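The block underneath contains the structure these notes are about, expressed in structure tokens.
Residue numbers (my numbering), protein chains in the order written: chain X, 1 to 115; chain D, 116 to 233.
Written as structure tokens, this is what we have:
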């Protein structure tokens, strides 16, 4: 069964450093998403992406964040200058469409630790 | 904005017994989708079941079923014949059915941690 994959599974970085989290969505999916989950808290939406552009973003997704689909398979989240409060689990998700009750399938997550 | 509330931070159930996890939501929309996701210790989010708001019939998936009460804005998950592998965090999530702002994102509750006692 196709699945969303994410690398790395765990990333440790120093405050102020740039990180890139990578995701490979399911191959025939067209909509891509990033969510984050701070430890012990709810999962929060960051951004959705379709047709090579952002379709929606939350208040959390400020100028330090960016997303990109550099090739036909990868979908990346870049955090330009990490802060301590960026420490969280970051989940990538994809769906075939945005309409109907189309399900978002989640990857296993990347645990980001900012020191 | 929509909100999702899960009032039970933790629940436990004996193996082979039935447990119900609660979820309520607040929305002014009439058409939307509701989901239950499971997050085991591995932290991967796994879809358990989904419900379209326009459908009166409650969704079922094997041992998992929902009790969808649209007027009460309630969406509970029932797990029958609980198994050790059901132990996980369970998240209720809402998604608008309308296009436009807010239509893509899932809004999650805080989760309920389910323990299964052998």
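Idealized CB from N, CA, C, for every residue including glycine. Note that the structure is predicted; figures quoted are calculated from it, not measured.
query	result
If you pair each beta-carbon of the region 186 to 202 of chain D with each one of the region 87 to 96 of chain X, do three or more pairs fall below 8 Å?	no
Per DSSP, which one or two residues make a beta bridge with residue 78 (chain X)?	X:20, X:66
One question on the structure: do residue 112 (chain X) and residue 19 (chain X) come within less than 8 Å of each other, judged by their Cβ atoms?	yes
List the residues of chain X that residue 157 (chain D) touches, going by C-beta distances under 8 Å, in chain order.	108
What residues are listed by DSSP as bridge partners for residue 4 (chain X)?	DSSP, once it has assigned bridges, lists no residue as partnering residue 4 (chain X).
For residue 83 (chain X), I'd like the list of residues in its chain whose CB is within less than 7 Å of its CB, leaving aside the five on either flank, ordered along the chain.	15, 114
For the region 156 to 175 of chain D, which residues have a CB atom closer than 9 Å to at least one CB atom of chain X, in sequence order?	157, 158, 159, 160, 161, 162, 165, 166, 167
Along chain D, in chain order, which residues have C-beta atoms closer than 8 Å to that of residue 103 (chain X)?	150, 162, 165
Once DSSP output is grouped into helix, strand and coil, what is the label at residue 141 (chain D)?	strand
Relative to the C-alpha of residue 176 (chain D), which candidate in D:170, D:163, D:182, D:230 has its C-alpha closest?	D:163
Is residue 199 (chain D) helix, strand or coil when you go by DSSP?	helix
Could you tell me the boundaries of the beta strand (DSSP E) in which residue 182 (chain D) lies?	179 to 184
Quick one: Cα of residue 43 (chain X) to Cα of residue 224 (chain D), how far?	8 Å
Using the C-alpha atoms, what's the distance from residue 231 (chain D) back to residue 126 (chain D)?	9 Å
State the start and end residues of the unbroken beta strand (DSSP E) segment that holds residue 126 (chain D).	125 to 129
With a threshold of 8 Å between beta carbons, is residue 245 (chain D) in contact with chain X?	The question about residue 245 (chain D) has no answer, for chain D in this structure spans 116 to 233.
Against chain A, which members of the region 127 to 143 of chain D pass a CB distance test of less than 7 Å?	Reference to chain A is not applicable here, since the protein chains of this structure are X and D.
Closer than 7 Å by C-beta to residue 64 (chain X): which residues in its own chain qualify, once you throw out the five before and the five after it? Chain order, please.	79, 80, 81
Do residue 211 (chain D) and residue 133 (chain D) have their CB atoms nearer than 8 Å?	no
At a CB-CB cut-off below 7 Å, which residues of chain X make contact with residue 226 (chain D)?	42
Starting from the C-beta of residue 8 (chain X), find all residues in its chain whose C-beta is less than 7 Å away, skip the five residues before and the five after it, and write them out in chain order.	110
Is the separation between the beta-carbon of residue 149 (chain D) and that of residue 205 (chain D) shorter than 8 Å?	no
What does residue 48 (chain X) touch in chain D if you count any residue whose Cβ is under 7 Å from its own?	219, 220
Got a sec, what are the start and stop residues for the beta strand (DSSP E) residue 10 (chain X) sits in?	10 to 13
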